Amino acid sequence: AKRPAVHDEL
Amino acid sequence: NLFRIFGDLSHLASIGILLHTVRSTQSIDGISFKTQALYALVFMTRYLDLFTWHWVSLYNFLMKVFFLASSVYIVVLLQQFRTKNPIAYKEMVLQDTFKIHFLLLGSLVAGLCFHHRFTLLEILWSFSVWLESVAILPQLFMLSKSGRAQSLTVHYIFALGLYRFLYIFNWIWRYVSEARVDKIAVVAGIVQTAMYSDFFYIYYKKVIRGNAGNLP
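Same order as they appear, the protein sequences are chains C and D.
Mind the numbering: the first sequence is residues 1 to 10 in my numbering, read in order.
Mind the numbering: the second sequence is residues 11 to 226 in my numbering, read in order.
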């Protein structure tokens, strides 16, 4: 599983 | 995905319930100022990327602005009771006795230990995630101490807990469909949902089954 590059959640 | 949308809507609803009730009844009975101040700090430290041109989407931008503005507005609104209704304000302060410096210190340590990158923004982001996971504790502590809950507080906490609960399904969804996982958010999110589990049980007994009575 890849780690998120940007925080796209709130 | 739907879990995420309904999670965010539930989060919006919790703020709406709080704002509407405080403004229309002019009462702050049962609300923890400390929890609200912690949420304001959570959003202030998490959404600093608003100022770094890190564009995600219009939805993301508008929600961030809303959560940031509403959390600060709630703190200001509660502070106005200091002069507007000093008796009610004093009553709240006397009940709001949870020691939050442990939460702040613990979140800071967790933020320094677990983060995606060792930069100021990323450490503050991680701090905010850990702090959000425990920010409801002063409110739950107040609720359990008073032994009775205003329907406002109960619905507010329920909507907030539902938001966290739905986010867990959102992460499962994203793990399956995008192979994406944010370990920090997931672990902190599970911790946070666990904080609400006792409350959900009480809510189920009290509201859904209609058992009036005191909270344990």
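Glycine included, each C-beta is placed from N, C-alpha and C at the ideal position.
No experiment lies behind these values; they were computed from the predicted model shown.
Nearest CB-CB separation between Phe-77(D) and chain C: below the 8 Å threshold. For Ile-15(D), the uninterrupted alpha helix (DSSP H) segment begins and ends at 12–35. A straight-line Cα-Cα distance of about 11 Å links Val-103(D) and Asp-39(D).
Pro-148(D) sits buried, since 16 or more C-beta atoms from the chains shown fall within 10 Å of its C-beta. When DSSP states are grouped into helix, strand and coil, Arg-174(D) belongs to the helix group. Ala-195(D) reaches chain C at Pro-4, His-7 and Glu-9, counting residues in chain order whose Cβ is nearer than 9 Å. By the beta-carbon neighbour count (other beta carbons within 10 angstroms, threshold 16), Arg-3(C) is exposed. Under the Cβ distance rule, Asp-18(D) counts among the residues neighbouring chain C, one pair being separated by less than 8 Å. Counting along the chain, the unbroken alpha helix (DSSP H) around Phe-209(D) starts and ends at 193–213. Pairing Leu-170(D) with His-21(D) gives a Cβ-Cβ distance under 8 Å. Per the coordinates, the alpha-carbon of Trp-183(D) lies some 18 Å from the alpha-carbon of Val-6(C).
Going by DSSP, Phe-53(D) is part of the alpha helix (DSSP H) stretching over 43–56. Separation of the CB atoms of Tyr-49(D) and Lys-74(D) is rounded to 14 Å, and the pair is thereby denied contact status at 8 Å. Leaving aside the five residues that flank Ile-84(D) on each side, the residues in its chain whose CB is nearer than 7 Å to its CB run, in chain order, Leu-28, Leu-29 and Gln-46. The continuous alpha helix (DSSP H) containing Pro-96(D) extends over residues 96–105.
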